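For the record, in the sequence shown the residue sitting at position 6 is 5 according to numbering that gives the first Met the number 0, with numbers rising by one throughout.
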Amino acid sequence: MELTLPCLFYDYVDPLACLVERELAALGPPAAPTRVRRIPLELRPPPAPLMDPDAPEWRERWEQAEREAALLGIHLVAPALIPWTRKAHELVLHATAKGVGAAAHRLVFEAVFTRGSDVGRVDVLVGLGRELGLDAMEAKAVLDVDRYAAEVAAGRELAVRSGVAASPALVSPRGTLQGFHNRDALRTFLLR
0 MELTLPCLFY
10 DYVDPLACLV
20 ERELAALGPP
30 AAPTRVRRIP
40 LELRPPPAPL
50 MDPDAPEWRE
60 RWEQAEREAA
70 LLGIHLVAPA
80 LIPWTRKAHE
90 LVLHATAKGV
100 GAAAHRLVFE
110 AVFTRGSDVG
120 RVDVLVGLGR
130 ELGLDAMEAK
140 AVLDVDRYAA
150 EVAAGRELAV
160 RSGVAASPAL
170 VSPRGTLQGF
180 HNRDALRTFL
190 LR
């Protein structure tokens with residue numbers, strides 16, 4: 000994988016990535032979000048321990064997300080558990096192959112930060128797939144055999160090669176925009 004278009008590196012349990020996605024969705028032409036390639040970045044892949052929702056690092060990030068969300072008029076639900084996300088990324092890659100990737104991407108963020116769902120669980124992800132119209136048995140089989148694990152790992156490798164250490168990061172051949180930025184800053188970055 001090489002960087003040609005602007006790319007957004009994100010993880011589904013990152014509330015700042017969720018907010019960046021909402022801000023990107025609000026952009027119209029010529030800085031439309033369709034010009035941004037999404038690349039999964041599982042920040043804490045196994046065997047790294049799960050993030051503790053009471054850890055200072057997480058609390059600080061969550062508080063920043065709450066402040067930004069309040070300014071945007073958005074209510075986020077704090078997840079009780081911060082799971083590994085490879086399977087969630089795999090579901091979205093499967094949905095992309097079936098033509099509903101953009102909807103799946105939005106749905107997984109919604110599941111985490113609106114519903115408080117544990118997107119580390121295969122049964123939860125199969126349920127999300129069913130909501131998207133995907134065949135539940137096929138989605139479960141794809142997740143059980145790690146069909147897209149190599150692609151998720153490749154996203155992480157590309158992030159590292161691109162100098163990205165955290166989600167969200169918007170990277171283009173002209174530079175990097177790290178962390179949360181509002182739609183005006185995103186538009187400026189994408190149009191330069």
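The beta carbon of each residue, even a glycine, is placed where N, CA and C say it ideally should be.
The model shown is predicted, which means the values in this text are computed figures rather than measured ones.
Of all alpha-carbon atoms in 84, 128, 14, the one lying nearest the alpha-carbon of residue 94 is that of 128. As computed with DSSP, residue 38 is found in a beta bridge with 8. A check of alpha carbon separations from residue 112 across 73, 187, 100 identifies 73 as the nearest.
Put simply, of 101, 15, 91 the residue whose alpha carbon is nearest the alpha carbon of residue 77 is 15. Considering only 71, 61, 59, 121, the residue with the shortest C-alpha distance to residue 89 is 121.
Secondary structure note for residue 176: its beta strand (DSSP E) is the uninterrupted segment 174-177. Under the criterion of beta carbons closer than 8 Å, residue 70 and residue 106 do not qualify as touching, at roughly 24 Å. Less than 9 Å separates the beta-carbon of residue 10 from that of residue 166. Counting only runs that start and end inside the stretch 83-129, there is no beta strand (DSSP E) element of at least 3 residues. Under DSSP, residue 166 forms no beta bridge with any residue.
Going by beta carbons, residue 4 and residue 34 fall inside the 9 Å limit.
If only uninterrupted alpha helix (DSSP H) runs of at least 4 residues are considered, those enclosed by the stretch 45-74 are 55-71.
For residue 190, the enclosing alpha helix (DSSP H) begins and ends at 182-190. Between residue 19 and residue 28, the alpha-carbon positions lie close to 17 Å from each other.
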